[in-house]
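Structure first, then comments.
Chains as they are written, first to last, in this note's numbering: chain X, 0 to 402; chain G, 143 to 284.
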């Protein structure tokens, strides 16, 4: 457990003063949806979020986007503003891989706190499944590793995570079932999420017997690829009330980042990854004035089953090496000790980075999760991971203003 | 390698600052970059030492060629079409005696025999007339 970090006092003051909230959320249909462009998904998701908030498009004065894996554009946010018909006072593209969606919340909060905008639309959407060509896929894989010193050895993205997983197995005497249990839990949750791409339950055996991609990662240990969009609106409690927003507001309590590496070649040991995850979490926790035991729901980046174990441990929810048994005992399920990814995550619902994790966290705290509703959900954590467990970001949300 | 078939797997995307490394590989020599200021090895090569020194004074030191497997992953699927139909292969991070890690393939052994901690030594694969990739094979016990 690290000692109090510098800057926490400032961060708390800013969030307490501005009462940053998520005031609107939107998700389009997810899955295999051919013939819809990346910008179509972005627009649709934005519209749904704006309508969810009950505001007008002209009330939005800030825009934060990410990137497209299909339609690469040099200036993504301004290009989308043009397509959607927005002239934002504040515009920014956040591009830190899977750590992006979580950090978009922080980016919007910082823009609002420094007077750049008051109502910030954060959106990501892509036709990754239907729109990416095979050469596009290769280019993506190449970008996830060092093009000169790693790619020539045939490293794939699952392979990079498998390298981390194999070392984890060695350091913590882990079993294949531990990874499989994460996939089974995600699928169980996705079964209750209407727009999830995969809903049929999975068993441990089915996961372990699925096709090996890169040992120890099998097919069901790997995230899905999907088409779709998701968005959320960040504003202040004051602005939300002035705009007459009726939906329950979800308050931002803390945010942080943690850096480990970009290329596995530079990785010293697994502790380097754990430290980055812990740093990210600690900044968010300390700003929020809480610890892991206060979190009701954890949204962990699940691009591969292994990342859920590394994160649940690195963030301090369970000791190192104990994430596996925790998963195997079903303790990540809704209704159990620490529900994880109640929407089914990247492993079963859809893959748009952590966008759906932020949307589901908001849905849960609002009390709108229906069958998936976690009883008395008041505090949620969302963690994003970019690269190959390289770059980390964390936010904490609460049902009431930060105090 | 005497194989005449065209090599279609990914080749390194060279940066100017790495030339001494690849030139040595072509001569079947492994050299590793070291800051002359701190005498610290680093890998992968950069134009400036990635340490606090930020030194641009880099020396290329003949390496022992010895390492241990730090982690590995048997790939059943490759990243490009060139890997289609190929048997599973091992991508590994090996920790060299010099203390830096390198990504590589473990060759000359059954993938299922690879273990973390296994001692390996460098060999050189002339994949094309212009490019030689260093790879590692298990050190044979006498």
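Beta carbons are placed, not taken as given, at the ideal position from N, Cα and C, and that holds for glycine.
Exercise. Using three-state DSSP, classify residue 280 of chain G as helix, strand or coil.
Key: Note: residue 280 of chain G maps to strand in three-state DSSP.
Quiz prompt | Cβ of residue 207 of chain G within 8 Å of any chain X Cβ | solution = By this cut-off, residue 207 of chain G is not an interface position.
Quiz item: Taking C-alpha atoms, which residue in G/203, G/280, G/152 lies nearest to residue 263 of chain G?
Solution: Minimum Cα distance to residue 263 of chain G is reached at G/280.
Quiz item: Candidates G/202, G/164, G/160, G/156: which alpha carbon is nearest residue 176 of chain G's?
Solution: If you compare the alpha carbons of G/202, G/164, G/160, G/156 with that of residue 176 of chain G, the shortest gap goes to G/202.
Quiz prompt | Within chain G, the residues that residue 318 of chain X reaches when beta carbons sit closer than 9 Å | solution = Taking a Cβ-Cβ threshold of 9 Å, none of the residues of chain G is close to residue 318 of chain X; the smallest such distance is about 22 Å.
Self-check item: Beta-carbon separation (whole angstroms), residue 388 of chain X vs residue 272 of chain X, contact threshold 8 Å
Solution: With 8 Å as the limit, residue 388 of chain X and residue 272 of chain X qualify as a contact, their Cβ atoms being about 5 Å apart.
Quiz item: At a Cβ threshold of 8 Å, is residue 178 of chain G touching chain X?
Solution: No, residue 178 of chain G lies away from the interface with chain X (no Cβ there is under 8 Å from its Cβ).
Quiz item: Considering only residues of the same chain and omitting the five flanking positions on each side of residue 0 of chain X, which have a CB-CB separation below 6 Å?
Solution: Confidence is the limiting factor: at residue 0 of chain X the pLDDT is only 48, short of 50, which leaves the residue's position unreliable and the question unanswerable from this model.
Quiz prompt | Within 8 Å of chain X by C-beta, residues of the region 149–163 of chain G in sequence order | solution = Under the 8 Å Cβ criterion, the region 149–163 of chain G contributes 151, 152, 153, 154, 155, 156, 157, 160.
Practice problem: Please name the residue, chosen from G/240, G/198, G/241, G/218, that lies closest to residue 231 of chain G on a Cα-to-Cα basis. | Solution: For residue 231 of chain G, the closest C-alpha among the options G/240, G/198, G/241, G/218 is that of G/218.
Practice problem: On the DSSP bridge assignment, give the partners of residue 202 of chain G in chain order. | Solution: The partner list for residue 202 of chain G (beta bridge, DSSP) reads G/175.
Practice problem: Evaluate the contact criterion for the region 239–249 of chain X versus the region 42–53 of chain X: three or more CB pairs, one atom per stretch, below 8 Å. | Solution: The answer is yes - the region 42–53 of chain X touches the region 239–249 of chain X, with three or more Cβ pairs under 8 Å.
Self-check item: Pick from X/61, X/215, X/353, X/156 that is closest to residue 380 of chain X, judged by C-alpha positions
Solution: Closest in C-alpha terms to residue 380 of chain X, from the list X/61, X/215, X/353, X/156, comes X/353.
Exercise. Starting from the Cα of residue 396 of chain X, find the closest Cα among X/12, X/234, X/340, X/287 and give me that residue.
Key: When only C-alpha atoms are compared, the closest one is X/287.
Quiz item: So with Cβ pairs under 8 Å, would you call residue 258 of chain G a contact of chain X?
Solution: Chain X contact via Cβ: present.
Quiz prompt | Nonlocal neighbours in the same chain, by C-beta distance under 6 Å from residue 107 of chain X, ignoring five residues either side | solution = Within the same chain, residue 107 of chain X has close Cβ partners 63, 119, 121, 233.
Practice problem: Report the option in X/61, X/340, X/277, X/155 whose CA atom is closest to the CA atom of residue 189 of chain X. | Solution: Closest in alpha carbon position to residue 189 of chain X, among X/61, X/340, X/277, X/155, is X/340.
Exercise. Could you please give the first and the last residue of the uninterrupted alpha helix (DSSP H) stretch that includes residue 287 of chain G?
Key: This structure does not reach residue 287 of chain G, given that chain G is present from 143 up to 284, and the question cannot be answered.
Self-check item: the region 181–202 of chain G: positions lying closer than 7 Å to chain X by Cβ
Solution: Residues 185, 186.
Practice problem: Quick one: list the residues of chain G neighbouring residue 303 of chain X, beta-carbon separation under 8 Å, in chain order. | Solution: One finds nothing in chain G with a Cβ atom closer than 8 Å to the Cβ of residue 303 of chain X; even the nearest lies about 12 Å away.
Quiz prompt | Beta-carbon proximity check, residue 408 of chain X vs residue 235 of chain G, cutoff 8 Å | solution = Absent from the structure is residue 408 of chain X, since the part of chain X shown begins at 0 and ends at 402.
Quiz item: With 16 as the cutoff for other CB atoms within 10 Å, does residue 156 of chain G come out buried or exposed?
Solution: Residue 156 of chain G should be labelled exposed.
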